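Quick notes on the structure that follows.
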Amino acid sequence: MKKKDNAPLDVSEQTRDISFIFSTNVDKFKEFLKKTNYSFYVILLGREDDHFIKNFMIKNWKNLHYMSGEKILFLSIYKPDKIDNEIKEDLKKKFGDLIDNTATFDPSPAWSYKYARLLGIPISYLPCIFIGTDINKNKGIFIKVPRLNEKYLKYFFEFLFNNLNELADLDEEEKLKKLKENIYKFLLEKFKLKSKEIFIEYILPNIDTQKIIAEIISMVIGGLIRGLK
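In my numbering, each residue carries its 1-based index in the sequence shown increased by 1002.
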């Protein structure tokens, strides 16, 4: 049964100016995406009041950044509260001139509602992770972040990124198929979750995936750059 879309009534107030904010950035990031060759695009979306996942991401952002590896572009709606020199240099290496030519602002988790809808994800499944393989194909999977304590959630992300890197060189269809199977099996066997507690679905985004990812990169990097200057 499809879950009801329960975004807050005032969400449009918080998201209506997103297109204006991104207007100077998105084209740059679309060009960046064309030049890069990531095997997976991983996007974590969540609400402002998801305090556990928010605090987890703030605390573990650096570990997850490095854990994702070079073949995966990992983006989180939640940004770290501190960016050290090591991370600064790594971000500059990854994004080059974009670091100096991107507008800076504070992203809001409220924007997750907009992007969840565009990606075809019911709001009730937030916090969740969207995983795509080819920005020119409107297809991916989403995983509702499992209800785990901090220790087990770290194990989950370790498994996720390890698995993504292991599957990186497979063809597009096989990547997503294997990934979905492996995650489902891992959650069942490692954490003894019941099948009804695991939400992993194929989705077809409602608009051009490349545009969505470019906007999200713009938003995330725009927020991170505030910590670089």
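Positions of the beta carbon are idealized from the N, C-alpha and C atoms, including for glycine. Remember, it's a predicted structure, so these values are computed and weren't measured experimentally.
Simplified DSSP state of residue i, which is helix, strand or coil
| i | result |
| --- | --- |
| Tyr-1204 | strand |
| Ala-1216 | helix |
| Leu-1047 | strand |
| Lys-1061 | helix |
| Leu-1189 | helix |
| Ser-1078 | strand |
| Ala-1170 | coil |
| Ile-1125 | helix |
| Ser-1114 | helix |
| Thr-1135 | coil |
| Asp-1210 | coil |
| Ile-1223 | helix |
| Lys-1084 | coil |
| Leu-1195 | coil |
| Asn-1184 | helix |
Residues near residue i in its chain [Cβ-Cβ closer than 8 angstroms; skip 5 each side]
| i | result |
| --- | --- |
| Gln-1212 | Lys-1032, Leu-1035, Ile-1137 and Asn-1138 |
| Ile-1219 | Phe-1031, Phe-1034, Leu-1035, Leu-1075 and Leu-1077 |
| Leu-1195 | Pro-1148 and Leu-1189 |
| Tyr-1204 | Lys-1141, Gly-1142, Ile-1143, Leu-1178 and Lys-1182 |
| Lys-1037 | none |
| Tyr-1040 | Lys-1073, Ile-1074 and Leu-1075 |
Own chain residues within Cβ distance below 6 angstroms of residue i, not counting five before or after
| i | result |
| --- | --- |
| Leu-1166 | Phe-1042 and Ile-1074 |
| Asn-1184 | Asn-1165 |
| Asn-1093 | According to the sequence displayed, residue 1093 carries Leu and not Asn. For Leu-1093, where only same-chain residues beyond five positions count, there are no Cβ hits under 6 angstroms. |
7 angstroms Cβ shell around residue i - same chain, five flanking residues per side excluded
| i | result |
| --- | --- |
| Tyr-1154 | Phe-1193 |
| Glu-1072 | none |
| Leu-1169 | Lys-1177, Lys-1180 and Leu-1181 |
| Ala-1118 | Leu-1047, Ile-1125 and Leu-1128 |
| Glu-1152 | Phe-1058 |
| Phe-1159 | Leu-1066 and Met-1069 |
| Ala-1216 | Val-1028, Phe-1031, Lys-1032 and Leu-1035 |
Residue i classed as buried or exposed, judged by whether at least 16 other C-beta atoms fall within 10 angstroms
| i | result |
| --- | --- |
| Arg-1049 | buried |
| Leu-1189 | buried |
| Glu-1199 | exposed |
| Asp-1173 | exposed |
| Gly-1134 | buried |
| Glu-1091 | exposed |
| Asp-1051 | exposed |
Per DSSP, cross-strand counterpart(s) of residue i
| i | result |
| --- | --- |
| Lys-1146 | Cys-1130 |
| Ile-1042 | Strictly speaking, residue 1042 in this sequence is Phe, with Ile absent from that position. DSSP lists Ile-1074 as partners of Phe-1042. |
Review point. Would you say the segment 1050-1061 touches the segment 1076-1090, given that touching needs at least three Cβ pairs under 8 angstroms?
Key: Under the 8 angstroms Cβ criterion, the segment 1050-1061 counts as touching the segment 1076-1090, having at least three qualifying pairs.
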